[in-house]
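Below is one structure; the comments refer to it alone.
Number of protein chains: 2
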Amino acid sequence: MRPQIVLFGDSITQQSFRSGGWGAALADTYSRKADIVNRGYGGYNTRWALFLLHHLFPLDSTKPPVAATVFFGANDAALLGRSSERQHVPIEEYKENLRKIVRHLKECSPTVLVVLITPPPVDEAGRKEYAQSVYGEKADELPERTNEVTRLYAEQCIELAKEMGLCSVDLWSKMQEREGWQKKFLSDGLHLTPEGNAVVHQEVVRVFNEAWLSAPEMSYDFPHHSQIDGKDPEKAFQQRCL
Amino acid sequence: MRPQIVLFGDSITQQSFRSGGWGAALADTYSRKADIVNRGYGGYNTRWALFLLHHLFPLDSTKPPVAATVFFGANDAALLGRSSERQHVPIEEYKENLRKIVRHLKECSPTVLVVLITPPPVDEAGRKEYAQSVYGEKADELPERTNEVTRLYAEQCIELAKEMGLCSVDLWSKMQEREGWQKKFLSDGLHLTPEGNAVVHQEVVRVFNEAWLSAPEMSYDFPHHSQIDGKDPEKAFQQRCL
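Right, here's the structure in full:
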């Protein structure tokens, strides 16, 4: 009955229902109007995400999502020759994989609203502190991700959105507008603090509003309780449910 | 693909994806294992909830929920002759309405795990402070809900669970075990603080674990990223997805 909005991405999506998370906040924004479905897969890059497409978004679905956020790149941008190289995806392939994801979503539903989100910026010092807190002296001296390389992936994401006429959120740039973004928005140099989650929530809501998916303009799925006549409740439900 | 757990209730369910909310926390607990679907309707009592049953839980659904929390009573217990009397439902009817809800869910799926949750306790002083903050001098002197009357509804809820062999959470009693529950768990004498939400989350997880719906025993819907061979990713997906 309610439309579905799917959040497709990596750990930053998977963790988005933790306290202060952007996914939960979105579920609250669209309360009684749309269901927010979390399809975040921690550690995944776009290459691995392709294996999920037909399972998560079957082409013969009678009720495909009305909107989807596609939020990958943080893992694709892991550097070759460093500790996370297993997750690395070359930048040209990253862009093509994103294109395949979007095409598949559009094949499921030509009217689906797709929002591409760039990876957040990387705070290399924060990543290093985190690695040392986990691995101690065994932590790699060299960063496994850099902000400059992640920038290149973010640029490809935005370029693809322009090429395909899609909405997008340039999270990489947006977060860096704020002084002290490194600690304000990132908990370990890569994942989001509650404040960082709030930026994603705010930007996604802004983009949805600018498109046609504005929560304030959507109606509740059933009568608001104040519209129900205590002595004749059936009336309110006849009007709205038949 | 993922099983669905539906949260059916009033505002305490509807608001459960706000920051610190028990619904969002449940979604995080069952991350990549089950989808948490919010079907909370602020202000609703069990009488009005009955109008929604066939819409929310159609009998011919091919994929009914595997579990549901049924969390009503806070509005049913509103007092006659006071400002919220429109929401009042006589106590015998409350119990019978709950029974109808459970029977309908079981008709949708005989194996569904139904958990009845009693209304939380009422802090009359907190309700009064809240009313004065909203209505000033116009606020009613007399409480529109009392903790003692809500207790009677909670007892009927627990009794029904026993009669029908269902799991239940006696939130009314559980919360009052803690000294200072009035301000610790309730934000306005009726709705939940983040700490109050944590109690609901903890109790629902406990009951699900004691039944057969334990998140740690459920497998991820797709391979954990550490199981994916960077050089031969297809292998992990062939094993799990075919």
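Heads up: the sequence lines are chains L and X, in that order. Under the numbering used here, the letters of the first sequence match residues 1 to 242, in that order. Under the numbering used here, the letters of the second sequence match residues 1001 to 1242, in that order. No residue lacks a Cβ here, since even glycine has one placed at the ideal position from N, Cα and C.
Sequence-distant residues of its chain with Cβ nearer than 7 angstroms to residue i (five each side left out)
i: glycine 1020 of chain X; result: Pro1194 and Asn1197
i: leucine 1105 of chain X; result: Phe1057, Ala1068, Val1112 and Val1114
i: glutamate 155 of chain L; result: none
i: glycine 230 of chain L; result: none
Burial state of residue i, where buried means 16 or more other Cβ atoms lie within 10 Å
i: threonine 1046 of chain X; result: buried
i: histidine 201 of chain L; result: buried
i: threonine 1069 of chain X; result: buried
i: leucine 7 of chain L; result: buried
i: proline 223 of chain L; result: buried
i: alanine 125 of chain L; result: exposed
i: aspartate 1060 of chain X; result: exposed
i: threonine 13 of chain L; result: buried
i: leucine 1080 of chain X; result: exposed
i: histidine 1191 of chain X; result: buried
i: proline 1143 of chain X; result: buried
i: glycine 9 of chain L; result: buried
i: threonine 62 of chain L; result: exposed
i: arginine 39 of chain L; result: buried
i: valine 1134 of chain X; result: exposed
Beta-carbon spacing of residue i, residue j below 8 angstroms
i: cysteine 157 of chain L; j: leucine 98 of chain L; result: yes
i: phenylalanine 1017 of chain X; j: alanine 78 of chain L; result: no
i: valine 1037 of chain X; j: glutamine 1004 of chain X; result: yes
i: isoleucine 997 of chain X; j: tyrosine 1153 of chain X; result: The structure shown does not extend to residue 997 of chain X, since chain X is modelled only from 1001 to 1242, so the question has no answer here.
i: serine 1084 of chain X; j: arginine 1145 of chain X; result: yes
i: glutamine 87 of chain L; j: proline 121 of chain L; result: no
i: valine 1204 of chain X; j: tryptophan 1022 of chain X; result: yes
i: tyrosine 130 of chain L; j: aspartate 76 of chain L; result: no
i: arginine 206 of chain L; j: aspartate 140 of chain L; result: no
i: proline 233 of chain L; j: tryptophan 1048 of chain X; result: yes
Close beta carbons around residue i, own chain, < 8 angstroms, minus the five adjacent residues each side
i: histidine 1225 of chain X; result: none
i: aspartate 1221 of chain X; result: Met1001, Arg1002, Arg1032 and Lys1033
i: glutamate 1159 of chain X; result: Lys1095
i: leucine 1053 of chain X; result: Lys1100, Ile1101 and His1104
i: tryptophan 1212 of chain X; result: Leu1113
i: lysine 184 of chain L; result: Arg178, Thr193, Glu195 and Gly196
i: glutamate 1210 of chain X; result: Cys1167
Top-ranked residue by Cα proximity to residue i, from the options
i: lysine 1174 of chain X; options: X:Leu1052, X:Pro1119 and X:Gly1126; result: X:Pro1119
i: serine 1219 of chain X; options: X:Tyr1030, X:Ile1012 and X:Arg1018; result: X:Tyr1030
i: leucine 243 of chain L; options: L:Leu79, L:Val114 and L:Phe208; result: Shown here, chain L extends from 1 to 242; a query on residue 243 of chain L therefore has no answer.
i: alanine 74 of chain L; options: L:Ser214, L:Asp232, L:Lys231 and L:Trp172; result: L:Trp172
i: proline 1064 of chain X; options: X:Arg1039, X:Ser1109, X:Gln1087 and X:Glu1141; result: X:Ser1109
i: tryptophan 181 of chain L; options: L:Gly230, L:Asn147 and L:Glu107; result: L:Asn147
i: glutamine 238 of chain L; options: X:Asp1028, X:Leu1050 and X:Arg1039; result: X:Leu1050
i: glycine 165 of chain L; options: L:Glu179, L:Ser133, L:Asp123 and L:Leu116; result: L:Leu116
i: leucine 186 of chain L; options: L:Arg127, L:Glu107, L:Gln132 and L:Arg103; result: L:Arg127
i: glutamate 243 of chain L; options: L:Asp123, L:Arg206 and L:Ala139; result: As shown, chain L starts at 1 and ends at 242. That puts residue 243 of chain L outside it, with no answer to give.
i: arginine 103 of chain L; options: L:Val134, L:Trp48, L:Ala161 and L:Ser133; result: L:Ala161
i: glutamate 320 of chain L; options: L:Val66, L:Lys231 and L:Lys183; result: Since the first and last residues shown for chain L are 1 and 242, residue 320 of chain L lies out of range.
i: threonine 1150 of chain X; options: X:Val1089, X:His1055 and X:Gly1230; result: X:Val1089
is_contact[residue i, chain B] using C-beta, thresh 8 angstroms
i: valine 205 of chain L; result: Any reference to chain B falls outside this structure, whose protein chains are L and X.
Cut-off 6 angstroms between Cβ atoms - residues of its own chain near residue i, not counting five sequence neighbours on either side
i: serine 11 of chain L; result: Gly42
i: isoleucine 1228 of chain X; result: Ala1236
i: aspartate 1035 of chain X; result: Arg1002 and Gln1004
i: tyrosine 1044 of chain X; result: Asp1010
i: glutamine 132 of chain L; result: Ala139
i: phenylalanine 1071 of chain X; result: Gly1009, Thr1013 and Ile1117
beta-carbon residue i near the ligand FAD non-hydrogen atom, thresh 7 angstroms
i: lysine 1184 of chain X; result: Looking at this structure, you won't find the ligand FAD or any other ligand, since it has none at all.
Suppose only complete runs of 3+ residues qualify. What are the beta strand (DSSP E) ranges in the stretch 1110-1187 of chain X, listed by chain order? Counting whole runs of 3 or more residues, the stretch 1110-1187 of chain X contains the beta strand (DSSP E) stretches 1113-1117 and 1167-1169.
Ranges of the beta strand (DSSP E) found wholly within the stretch 16-102 of chain L, counting only runs of at least 3: Whole beta strand (DSSP E) segments, 3+ residues: 35-40 and 67-71.
Residue ranges of each alpha helix (DSSP H) within the stretch 1185-1233 of chain X, 4 or longer: Counting only runs of 4 or more, we get 1194-1210.
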